[in-house]
Amino acid sequence: MNIWLNFLIDSLAFGAVFIYGSTGEILTEKAGHLNLGIPGIMCMGGAGGCLVLNAIGKSALPPFVIVTLGILGALAFAMLCGGIYAFLTVTLRANQNVTGLTLTTFGVGLSKVIMTKLDTVVYLVSTRDYFRWPFAGRKDSLQLLGVLFFLAIAVALISSWVLFRTKTGLHLRAVGENPGTADAVGINVTRYKYLATLIGSGIAGLGGLYYIIDYMASQEAYLSVEAWGWLSIALVIFALWRPHMTIIGSTVFGILFSLGSFITNVSWIKVTMATIPLLKMLPYVVTILVLIISSIRNKRENQPPASLGLSYFREER
Amino acid sequence: MALQMRGITKRFGSVLANDHVDLDVYQGEILAILGENGCGKTTLMNMIAGIYFPDEGQILIDGREVVIRSPKDAFEHKIGMIHQHFKLVDLFTAAENIVLGVEEEGRYNPKNVVSRVREIAERYGFQLDPGKKIYDMSVSEKQTVEIIKVLYRGADILILDEPTAVLTPQEITRLFAVLRRMKEDGKSIIIITHKLNEVLEVSDRVAILRKGQHIATVNTAEMDESKLTYMMVGRRISLNIDRKEPADAVPRLVVQGLNLSSGEGIRVLKDITFTANGGEILGIAGIAGSGQRELLESIAGLQPVESGSIVFYNPKKDKPVTFFHKSMKKVRELAAEGAFHDREGKPVSFQGQSTAQIRKRVESGEVLFNEDEMMNLRNRTPLEIRQLGIHLSFVPEDRLGMGLVGNMDITDNMMLRSYRKGPHGFLDRKGPRAQAEQIIRELEVSTPGPSTTVRKLSGGNVQKVLVGREIAYAPKVLMAAYPVRGLDIGSSYTIYHLLNRQKEAGVAVIFVGEDLDVLLALCDRIMVINGGAVTGIVDARSATKEEIGLLMTRTERREEVREA
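One line per chain: the protein sequences are P and L, in this order.
Positions in the first sequence are counted from 1; adding 73 to them yields our numbering.
Positions in the second sequence are counted from 1; adding 267 to them yields our numbering.
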C-alpha cells in the first residue's frame, strides 16, 4: 500500500486517542466543569482495563467477552476518578483547577504502580488481536483500525447528536451556560453535572486503554498516556466544544504528530534529528493559532461555556 | 378564588421579611403588590414561586392546601414568576429558552416548539421571533421570552416582579395591553411594583405591604396617589419636587462632537454635543446601556475619548496655584502662556528663575491662577482634573464598585477625596471624620457612627454617604447616575432635594435617571440618548413622557427638535 495512505490511516488511528480524551472533556466542560484531571483519568482508564485483562487474558472466555470486560474495567476506573472529581467540585465546590491537577498527579502515579505489576504477555500479547477485530492479522496499516477505533468515532458522533439535537443536550448546555437559569426551570443541576463528569471521564478512560492495548500495543505505551491527555484538553478548543469536530481535529493532530517520524521515511525530504522535535511541536502551535483565530472572530457560539470553571451556589439570602 | 395565602411568615436570620401575611388572588384579575423597597414584596412572591419556603402559614390553590418547595412544584400548580433579573441562557434562541426544563410527551422536536411559541405569541399579541438568540435581544424582547416561557408551561397565575423598571413608556403600554388580554383570558396576574401611576393604570386591586406586614388590600378604583403613598409609607410625604426657574444660567460644561469606542471597536458615543449650565439640572434619559455611563465616565476622566472636546468654564478668579508639585515643566509652560497672574492682575513670569525660586513663589500664594478661561478636560485623569482646581463631582451608577469602598468605614471613604491633603506624608483624619459626622447628621444616615463599614449600611444610606461626600466637595459640576436606584420613596426625595439645593447654589447638575416622571418633574432640560447618540434635547417643563419615549427609541436626530 502507498506510504501516504499508510500515513493517513496511522494518523487516523492515533487520533482516536484524542477523540476519546477530548469528547470526554467536552461533555464535562459543557456542564461547566473544567476537568484538568483528564490526563490522570486516561492513565487510570488504561490501567483499569489492563488490570482486568491481566486477570482474564489467558482464560477460555470468548474474545467478545474479554474485550467487553476490558472496556468495562477501563470505564470503572476512569469513572471512579471522575466520581472523586465530581464529588469535590460539584458537591464540595472545591476549586476545579486544583482538583483536576491533583487528580492528574494521582492518576498518573497510581496507574504507573499498577502497570508495573502487570504481565505484558497476559494483558497485551494475548488480547491484542481481539481488540483489532475485524482487521486483525493484516500486514498493512488497516490492522490499526480496531474495535475501539470505531467506537471512538461512534462516541464522538453520538455525543454531538445528544448535545445538539436532544432535550438532554439542551439541558446540559443550559447547565454549563447558566446554572441559575437551569435551576429555576427545574433542571437538576447537580445531577447533570455529576452525569456529565462521570460519562465524560469514562469516555476519556477508554482513550488510555485504546492507546496501550491497541494503537501502540507495547510495554512502554502507558508512560506517554499523560501527554496525550494534555493534548486532548487542547483539542477541545480546536474542536470549538463540538464532539464531532474532534474527529477532524484529532486526525489533524495525529497527522502533525506523526509527521516527525513519518518524514524521515520520505526519501526526498532531508531532515535532521533537530527538526523532528520542532515538527512534534506543531499540534501545540496549531492550537494556539485556533485560539487566536476563534478569539478574533469572537463569535458567541465558539466561546467556552459561560460558567466554565465556576462553582454553582443556589442563590440564598 | 385562585390563590390564598394564610399567615405566611418568613425570617432571614433575625430579620422578619414577612409577618403573618394574608393575601387573596382572584381568577381573572390584575393584583398589584405595592410597597417600598425591602418591605417583603418579592420575598412573599418568591414563596409562591418556590424560590423560598415559608417558615409558617399555608398557601391554598383553588381551596386546597399545597406545598411548593421548588419552581417545578410552582409550575405544577400553574404558577409562574417573571423575575426582575431575567433567567435566560444568552446563547440559546428564544424557543430553546422557552422549552428548557419542560417535560413533554414524545421526542423533542424544535419545530413543534417554535410553532407553539408562535401560537401563544399571536394569542396575546406579543411580537417575538422564536429563532432569535437572546444576546441579540432588547430588554423588552427578553421580557417577552420570560412571559411566554411561563405561559408555555401552562401557568394560570403569573407573577411579574417590577416588570416596567427597564422599559420605555411605549413598551410599558404594550406590556399592559398584553396583561389585560391575559386577564380577559381568565389568568390571574400579580404585578410587584412601587410605581403608583402604574398601579392606578393597570391593576384591579392593590395589596399594600409595609415592613413585611400586609396593611390592606383595596380596590384600585377607590384610590389615588396620595392615599396609596400614605398606606405604603405610613406617613404623609410630599410628592412634589420644588423646581425653581434656573437663576442666571451660564454655560459650565460644553461637550462637543464627543466620540468614544469600546474595547471591541464598537462606537459607544457618537458625536455627542450638549451644554450643561450652572444653576440648572440637565437630565439624561435613555434606555439602559445607551451610552449614559460612558458619557459620564469620559467627562470624569475615566475613559479616553477618540475625538471631540469637553470644555469646562471655571467661574473662580484669583485662585492660588496649588498644582505646583505635579510637573515643573507644565508650570513653566502655563506661565509662558500667561495663565498666571499676581494680586494686581499682572501676568506672572518665571523667566530665568530656578525651580526652588518658583516653588517659593507658588507656595507663598502670590501666584494666582486665572481660572476664568476655558479648560479642556478631554483625556485628563481624575487626579489631573482635581489638580487643575476643577470641582467636578461624580456619583457613579455602581456605588460600591466605583463610588465607595465597601469594606472601609464612612470616614475612610470621605478620605478617598482628601487623602492627598495630609501634612508631611501623614493622613489627616480629623477633617474627614468631621465631614462624615456632618453628613450623617444632615442627611439622616442611619448608622451607629462614622466608623461603621459602608457595606453594612442599607442601599439608601450608602447613597446618602456617597452623594453627601460629592456635595461636600463643593462641586461646580455634579454628575449623578441613577442616584435613586433601589432607594425607597423617602430617601429618593431626600436625594432630589439635595440635587435641587445644588442647582440653586449655581452648580451644573447632570442627572441620569430612568423614571421619566421624575426626570420631567426634577430637570430643567432633558437630553435623550439612544445608541450613544443624542436624539434630542427637550424642555422638561413642556415635554411629555410619550415624546421622550419616542426619542429614546429613535435612531437619528430629528432636526426640528425644540431646543430649550
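Where is the CB? At the ideal position from N, CA and C, for every residue including glycine.
One Cα belongs to L/Lys597, the other to L/Glu651, and the distance between them is close to 12 Å. Under the 7 Å criterion on CB atoms, L/Val380 is classed as non-interfacial with respect to chain P.
Apart from sequence neighbours up to five positions away, the residues of its chain that approach L/Glu413 with a beta-carbon distance below 8 Å are Ile349, His350, Phe353, Lys354, Leu355, ordered along the chain. With fewer than 16 other Cβ atoms inside 10 Å of its own Cβ, P/Met346 counts as exposed. Take the alpha-carbon of L/Gly727 and the one of L/Met681: they are about 17 Å apart. Within the same chain, Cβ atoms closer than 7 Å to the Cβ of P/Thr337 are found at Val344, the five residues on either side in sequence being excluded.
For the 7 Å CB-CB criterion, L/Gly368 and P/Val248 do not form a contact. Among the CB atoms of chain L, none fall inside 7 Å of the CB of P/Gly118. Here DSSP, grouped into helix, strand and coil, assigns L/His287 to strand.
Here DSSP, grouped into helix, strand and coil, assigns L/Val712 to coil. Taken through DSSP and simplified to helix, strand or coil, L/Ala299 comes out as strand. One Cα belongs to L/Ala788, the other to L/Tyr760, and the distance between them is close to 12 Å. Apart from sequence neighbours up to five positions away, the residues of its chain that approach P/Ala225 with a beta-carbon distance below 6 Å are Ala89, Ile92, Tyr93, ordered along the chain. From the beta-carbon of P/Lys240, the residues of chain L found nearer than 7 Å are Tyr375. Not flagged as an interface residue toward chain L: P/Ala269, since no C-beta distance is shorter than 7 Å. Using a CB distance cut-off of 7 Å, L/Tyr749 does not count as an interface residue toward chain P. At a cut-off of 7 Å, the C-beta of L/Tyr402 has a neighbouring C-beta in chain P. P/Val298 is positioned such that its CB atom lies closer than 7 Å to that of P/Tyr284. Restricting attention to L/Pro715, L/Ala269, L/Leu745, the CA atom closest to the CA of L/Glu704 is found in L/Pro715.
Taking each of L/Gly274, L/Phe778, L/Ile318, L/Phe607 in turn and checking the Cα distance to L/Ile426, the smallest one comes out for L/Ile318. A straight-line Cα-Cα distance of about 9 Å links L/Thr720 and L/Thr678. Taking a beta-carbon distance threshold of 7 Å, P/Arg373 counts as an interface residue toward chain L.
For P/Phe223, the number of other beta carbons within 10 angstroms of its own is below 16, and it is reported as exposed. Nearest CB-CB separation between L/Val288 and chain P: not below the 7 Å threshold. With 16 or more other CB atoms across the displayed protein chains lying within 10 angstroms of its CB, L/Val729 is buried.
Secondary structure at L/Asp784: helix, using DSSP grouped into helix, strand and coil. In this structure, the alpha-carbon of L/Glu429 lies about 13 Å from that of L/Thr310. For the set P/Ser233, P/Leu279, P/Ala312, P/Ile321, the Cα lying nearest the Cα of P/Val220 is the one of P/Leu279. The three-state secondary structure of P/Ile285, taken from DSSP, is helix.
Just measuring C-alpha positions, the residue of P/Met318, P/Phe335, P/Ile286 sitting nearest P/Gly121 is P/Ile286. In the structure shown, L/Arg472 adopts extended strand secondary structure according to DSSP, grouped into three states. The beta carbons of P/Ile99 and P/Pro316 sit closer together than 7 Å. Judged by DSSP in its simplified three-state form, L/Lys613 adopts coil rather than helix or strand.
Shown in chain order are the members of the segment 258 to 289 of chain P whose Cβ falls below 7 Å from a Cβ of chain L: Val258, Gly259, Ile260. Three or more pairs of CB atoms, one per stretch, sit closer than 8 Å, so the segment 477 to 492 of chain L contacts the segment 283 to 295 of chain L. Across the structure, L/Asp509 and L/Val500 are spaced so that their CA atoms are roughly 20 Å apart.
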